[in-house]
Amino acid sequence: MARRASAIETIRKNASAGPVFVLDAGNALMGYWLSQASEGALTAEAMDQMSYDAMAVGGLDLALGVAHLRTLAEQASFSVLSANLVSRQTGLPVFSPYIVIQRDGVRVAILGLTEDVALANAPDGESYEVLPYDAALSAYLEDMAAQSDLVVVLSHVGIADDKLLAESFAGINVVIGGRNARRMVSPEIVNDAIIVQLGARGEDLGKLEIALDTDNRPLSHRWQVL
Numbered sequence: 006m007a008r009r010a011s012a013i014e015t016i017r018k019n020a021s022a023g024p025v026f027v028l029d030a031g032n033a034l035m036g037y038w039l040s041q042a043s044e045g046a047l048t049a050e051a052m053d054q055m056s057y058d059a060m061a062v063g064g065l066d067l068a069l070g071v072a073h074l075r076t077l078a079e080q081a082s083f084s085v086l087s088a089n090l091v092s093r094q095t096g097l098p099v100f101s102p103y104i105v106i107q108r109d110g111v112r113v114a115i116l117g118l119t120e121d122v123a124l125a126n127a128p129d130g131e132s133y134e135v136l137p138y139d140a141a142l143s144a145y146l147e148d149m150a151a152q153s154d155l156v157v158v159l160s161h162v163g164i165a166d167d168k169l170l171a172e173s174f175a176g177i178n179v180v181i182g183g184r185n186a187r188r189m190v191s192p193e194i195v196n197d198a199i200i201v202q203l204g205a206r207g208e209d210l211g212k213l214e215i216a217l218d219t220d221n222r223p224l225s226h227r228w229q230v231l
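Taking the numbering used here, I'd label the letters of the sequence shown as residues 6 to 231.
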């Protein structure tokens with residue numbers, strides 16, 4: 006965490022060309038003994054101190070239940086996102102499906118996707134449902150595109166489905182993926198979407214730089230593994 010914080014601080018200080026967004030594709034709050042012992046609060050506090058913008062909901066984040074994660078999300082200053090984790094009673098998303106952040110003149114829409122088996126070990130999982138990924142994207146993608154310059158999907162569904170979704174839906178600019186814990190030293194480009202994924206446990210930090218034209222449309226990109 007300390008190394009990550011130092012790296013993020015350095016990036017922010019040197020980011021003279023545009024805004025910086027700090028994002029996570031999920032399984033961020035739980036899983037190891039310190040995070041387990043604090044029931045995720047310690048990790049969330051550290052992410053707050055690093056001024057994260059958003060994270061997707063992954064299955065490990067639900068280890069103590071959906072209701073518990075909602076409590077953590079309400080206390081956190083960053084957004085916890087899932088477009089496809091819904092209440093069985095209401096059919097509505099439990100967490101915000103997406104957010105739009107305007108920073109330094111750039112509008113970025115960020116949506117979260119949760120893997121289909123995420124509720125398997127959640128103690129209150131029977132009260133919730135994970136909807137198909139394509140249905141969730143269909144519900145929100147048009148609105149996201151209308152409100153933003155860049156559309157980012159924080160995806161905890163795995164690289165194979167990331168590629169399928171990018172192929173099926175035009176208008177996705179970036180997919181930041183999780184679940185497979187692949188250390189991708191170069192992105193994959195599918196239907197003009199930049200797909201990246203970066204290991205696990207915070208051992209690496211990915212830095213994706215996107216150059217925009219005068220209308221804030223993406224021109225080029227560079228990906229680094231730190």
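A virtual CB, placed ideally from N, CA and C, is assigned to each residue, including glycine. The structure displayed is predicted, hence computed values, not measured ones.
Assigned with DSSP and collapsed to three states, D29 falls in strand.
Among the bridge pairs identified by DSSP, Q202 is matched with G182. Considered as a whole, the region 133 to 180 harbours 133 to 135 and 155 to 160 as its complete beta strand (DSSP E) runs of no fewer than 3 residues, in chain order.
With the rule of 3 Cβ pairs closer than 8 Å, the region 124 to 136 does not count as touching the region 148 to 166. When DSSP reads this structure, K212 sits in a beta bridge with Q229. DSSP places V111 inside the beta strand (DSSP E), whose first and last residues are V111 to L118. Within the DSSP bridge table, the entry for A61 names L86 as partners.
Assigned with DSSP and collapsed to three states, S21 falls in coil, not helix or strand. Membership of Q94 in any alpha helix (DSSP H) is not indicated, and neither H nor E is assigned to it by DSSP.
Just so you know, the alpha carbons of H161 and V105 end up roughly 19 Å apart. For E79, the enclosing alpha helix (DSSP H) starts and ends at V71 to Q80. Counting along the chain, E50 sits inside the alpha helix (DSSP H) bounded by residues A46 to Q54. Rounded to whole angstroms, D209 and G96 show a C-alpha spacing of 37 Å. One Cα belongs to L231, the other to I200, and the distance between them is close to 17 Å. Between D154 and V113, the C-beta gap is smaller than 8 Å, which places the two residues in contact. Pairing I115 with Y103 gives a Cβ-Cβ distance under 8 Å.
Boundaries of the alpha helix (DSSP H) around S40: W38 to A42. The beta carbon of D129 is closer than 7 Å to those of G70, V71 and A72 in its chain, skipping five residues each way along the sequence.
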